[in-house]
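The structure appears right after this line, and notes come after that.
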Amino acid sequence: MKNLVLLTALLACVCQTNTAFAQQYDFSEMTCAAFLQNGAQTQRDTAIWFTGLYTDVAQSQVMDLTAIADFQNKLATFCKEQPSFRIATAAEGILGR
Numbered sequence: 012m013k014n015l016v017l018l019t020a021l022l023a024c025v026c027q028t029n030t031a032f033a034q035q036y037d038f039s040e041m042t043c044a045a046f047l048q049n050g051a052q053t054q055r056d057t058a059i060w061f062t063g064l065y066t067d068v069a070q071s072q073v074m075d076l077t078a079i080a081d082f083q084n085k086l087a088t089f090c091k092e093q094p095s096f097r098i099a100t101a102a103e104g105i106l107g108r
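Numbers 12 to 108, taken from the numbering used here, label the letters of the sequence shown in order.
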């Protein structure tokens, strides 16, 4: 029984470590098609990341979830029309940067 508990704990650590390394995205190379292949949560995380990246330091430090959802929808709509376009360039254009 003790060995089973130790084995379970070891497997949990290994799985968590592998998951952390797998969750990296290179937005400079990602295409719209790759963005669309991600799940809704990853698309939302991407929208939050780009919104934060292009928020000026002088702007309000409030996270507007409605604005993020609107940006995410615009990005997804654009990407459906232009699947080979780079996601970073699309985000810049939509956010007006």
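By construction, the Cβ of each residue, glycine as well, lies at the ideal position given by its N, Cα and C atoms.
All values derive from a computational prediction rather than experimental measurement.
Discussion item. Can you give me the C-alpha to C-alpha distance between I98 and T42, rounded to a whole angstrom?
Written reply: Near 5 Å, if we compare the C-alpha coordinates of T42 and I98.
Discussion item. Can you tell me whether T42 is helix, strand or coil according to DSSP?
Written reply: In the structure shown, T42 sits in a strand (DSSP, three-state: E or B).
Item to complete: In the DSSP assignment, find the unbroken alpha helix (DSSP H) run with A62 in it and report its ends.
Response: The sequence given here places Thr at residue 62; Ala does not occur at that position. That run of the alpha helix (DSSP H) goes 51 to 64.
Worksheet item: Can you list, in chain order, the residues of its chain whose CB lies under 8 Å from that of I79, leaving out five sequence neighbours each side?
Response: R55, A58, I59, T62
Discussion item. By alpha-carbon positions, which one of P94, L64, V73, D37 ends up nearest to L106?
Written reply: From the listed residues P94, L64, V73, D37, the smallest Cα separation to L106 is found for L64.
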